[in-house]
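Residue numbers (our numbering): 2 to 309.
The beta-carbon is built from N, C-alpha and C at its ideal position, and this holds for glycine as well.
These numbers were taken from a predicted model, which means no experiment stands behind them.
#1: Give the DSSP-derived three-state secondary structure of residue 235 in the structure shown.
#2: What residue from 230, 280 and 38 has the CA that sits closest to residue 238's CA?
#3: With DSSP as the reference, label residue 177 as helix, strand or coil.
#4: Among 270, 12, 198 and 291, which one has its Cα closest to the Cα of residue 262?
#5: Between residue 168 and chain C, is any beta-carbon pair separated by less than 8 Å?
#6: Using only the alpha-carbon positions, how far apart do residue 213 and residue 168 sit?
#7: Can you tell me whether residue 136 is helix, strand or coil according to DSSP?
#8: Among the residues of its own chain, which have a CB less than 6 Å from the CB of residue 31, if the five just before and after it don't count?
#9: Taking the beta carbon of residue 153 as the centre, do at least 16 other beta carbons fall within 10 Å, making it buried, or is it exposed?
#10: At which residue ranges does the region 67-109 contain complete alpha helix (DSSP H) runs of 4 or more residues, listed in the order of the chain?
#11: Smallest Cα separation from residue 64: which of 33, 124 and 240?
#12: If you draw a straight line from the alpha carbon of residue 106 to that of residue 297, how long is it in whole angstroms?
#13: Going by C-alpha distance, which of 218, 97 and 70 is nearest residue 122?
#14: Taking DSSP as the reference, what is the three-state secondary structure of residue 155?
#15: Check whether the region 240-254 and the region 187-207 touch, using three or more Cβ-Cβ pairs below 8 Å as the test.
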């Protein structure tokens, strides 16, 4: 299985689509699982255009319940049902928005043969999976909105199975605990991970942040600092800074300064206002403050290794 993280920019527009840009959404593919961030209208075709599987999406992270970020949910679920999905589907929304989303799904009158789990997130909420940790980041918008940080779980080192067996540790769950850096008790004795791990082989997992529909945060969240990739909205250029302040969206200049302060490695700009025919002016503004910046086109794909 591939050790690459594939990042698909499914759409890059804000508020409404244009002739060349669909609404903002990003799909991450890692180890055979698809993680979707926002589900606007036309999301299904965008997923198919990049040759990814709707059925393989197990996790949907919705930043907030403005229509351009979740109106595609029902169609997505309907296609899953038509394809006889039987696996749970997990959706994450801001705290207090669960019922609104459930009402929206219920209004479709569809019946599903799989379970739909809706979880509400608050600041620093963590979804801990075997290989991935997703952390919610409180944003500054006109309604409750959360960004997300996607991180590959760090590898503490190489597990020495022979050492573990010599200590009479049975294969199974106790192996995993030691690999996670935890201590175990066996026959009245405490065994630490140091006794069976070779820390020379430690690896740090890559991190990707997705922050859209927010006025640029005054303080860089801890989970964003030093990240490999920051995907950030840049709805307005400096020309429309008053509009940005009024709607609590970002000015491109401020996004560049934020990325610099966050010490991220690369910045990708999305959620560009449809008032701009292209993103050239946005990128020009940002590059004055953060050179390693990019404005992806819809359906662009980038790949990064999972570990440093």
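The short version:
#1: Reduced to three states, the DSSP call for residue 235 is coil.
#2: Closest option to residue 238, Cα to Cα, is 280.
#3: Three-state result, residue 177: helix.
#4: 291
#5: In the displayed structure, chain C is absent; only one protein chain is listed.
#6: Spanning the two alpha carbons is a distance of roughly 50 Å.
#7: strand
#8: Excluding residues up to 5 positions away in sequence, 6 lie with their Cβ nearer than 6 Å to the Cβ of residue 31 in the same chain.
#9: buried
#10: 68-71, 74-83 and 99-107
#11: With respect to the C-alpha of residue 64, the residue from 33, 124 and 240 having the closest C-alpha is 124.
#12: Roughly 31 Å between the two C-alpha positions.
#13: 97
#14: coil
#15: Under the 8 Å Cβ criterion, the region 240-254 does not count as touching the region 187-207, having fewer than three qualifying pairs.
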